[in-house]
Each structure stands twice: as C-alpha cells, then as structure tokens.
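Residue numbers (full-length UniProt numbering): 1 to 245. One structure is given here, and the rest of the page talks about it.
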C-alpha cells in the first residue's frame, strides 16, 4: 500500500522524574522508508525508540503500530531491534553465530521448542543475507565489533520483521565495517522491503543513506526528506553537523 503508515506517534510526551524528555511528538513512518533520527545528547532519541518498542509508556499521546494501538499490539515479531551490542558485548559468551541468530526465533517458536528444518533454513538465510555464512560455527566473542553487529542484524531479521529499529548500531565499529553495515541495510530495504528506523550520531552517514530525517531535541525540530534537511540545517540547527557533541 502506497504511503502506508507503519508507525504513527501522536502528541506523545514523556518525563523522567518530572523532567521533560519528549514534548508533544508528532511523527509517522511510511512502509519501505529509511528514517534517520539525529539530535544532541539528551534530546530523547533513545527514549523515543524505547517508547516505540513498548519498553516505556508515554505520559501523554498514543503510538500506533500497523494502524493498531500499541497497548493492544501483540505481533512484536513484526518489529526487529538492533542496539549498541558491538560496543558492550561480552566476548566470553560461548554461543556460536548460528545459536545467536537462532535466538531471534524465540518469540516465534517458543523458548524451549526444537528447531525444525524450516527454522534452520531461515537462520542460514539470515546469516547469508548479512555476509557471515563462513562464520556460522564461530563463537560470537571471537568476531570483530563490525562482524558482531552483522550477526545481531541477522538475529533481528530472522523472524522476517517488517520494521527494523536500530539504536546507535555503529558505535564501536570501525569505518570500513560501517560502510559494509550500511550496504547490508540498503540491501534489506531493497530486497525485503524492510522499513528502517535508525538513531545515529553520524549525521553524514544518515544524510547519505536515509531518505527521511528527524532532528529531535525534546521536540521535533525538523521532519522531512533528506534533501530538504540539507538545505535548512545550516540556518536552523547549530548542532546539526555534530549532533552529539
């Protein structure tokens, strides 16, 4: 469906200990788009992600997922999530790449269910899609930060989500692997039609990869296409070039 809204945020506000973190946020995400979210430290970017994922509840307003009120939404397998794992992952964790990606099916098949052949095929396919098939039996802790993040993407997409949310996923990843990371995201968007929502401190990468951008600083200061943002950022956003500085 053209311009179908898969995420709608309507007049959402949120406070931590009476301090306003998000103030009357209005925002929507269309199916198949790549939305980048930028802004200074403390602007509410990660809080917004937690609200979308249902980890926090808004103090005001409502969030719709696939046109359904979030409080009634049950099909969380339709939404994948990738966080800053590469920067903080326990390198002593003994699981293999295959096992880590398989854990992404827990919500779909149950915690103690055996993997069926079709599930194993899905796991292998997800690992192939992120270019890590040659490492399928390698311990996750033996991989580089960039390789680990590829595995976490595979885990997030193994259940075939329609939306993939990424919160600062390139923190701790070297420049070469960051380029590969974005190529994988674009491939997922083009080949699988996954909608991408990504929080990032790297404004230049967002402007080169995303098609829409939000500049957030407790309120939505800008929401529109990337080219429009490029035209106005110098005159409207003093921190836009270094949003987390």
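Glycine residues also receive a C-beta, built at the ideal position from the N, C-alpha and C atoms. Note that the structure is predicted; figures quoted are calculated from it, not measured.
For residue 232, which of helix, strand or coil comes out of DSSP? The three-state secondary structure of residue 232, taken from DSSP, is helix.
Spatial neighbours of residue 4 within its chain, please: C-beta separation below 7 Å, excluding the five flanking residues on both sides. Cβ within range, chain order: 30, 31.
I need the boundaries of the beta strand (DSSP E) containing residue 198, first residue and last residue. Unbroken beta strand (DSSP E) run through residue 198: 195-199.
How many angstroms separate the CA atom of residue 186 from the CA atom of residue 221? Rounded to whole angstroms, residue 186 to residue 221 spans 26 Å at the Cα level.
Given this structure, state the Cα-to-Cα distance separating residue 49 from residue 165, to the nearest angstrom. When rounded, the distance between both Cα atoms is 8 Å.
What separation, rounded to the nearest whole angstrom, lies between the Cα atoms of residue 82 and residue 231? Spanning the two alpha carbons is a distance of roughly 30 Å.
Does DSSP classify residue 170 as helix, strand or coil? DSSP places residue 170 in coil when its eight states are reduced to three.
Please return the same chain residues whose Cβ sits closer than 7 Å to the Cβ of residue 182, not counting the five positions on each side in sequence. Here the set comprises 205, 209.
Whole-number beta carbon distance between residue 77 and residue 161, since they are thought to touch under 8 Å: The Cβ separation is near 7 Å, so the contact holds.
So if DSSP puts residue 75 in a beta bridge, which residue, or which two residues, is it bridged to? Per DSSP, none; premise fails for residue 75.
I'd like the list of long-range same chain contacts for residue 240, defined as Cβ closer than 6 Å, with 5 residues on each side in sequence excluded. No answer about residue 240 holds up, because its pLDDT of 44 lies below 50 and its placement is not dependable.
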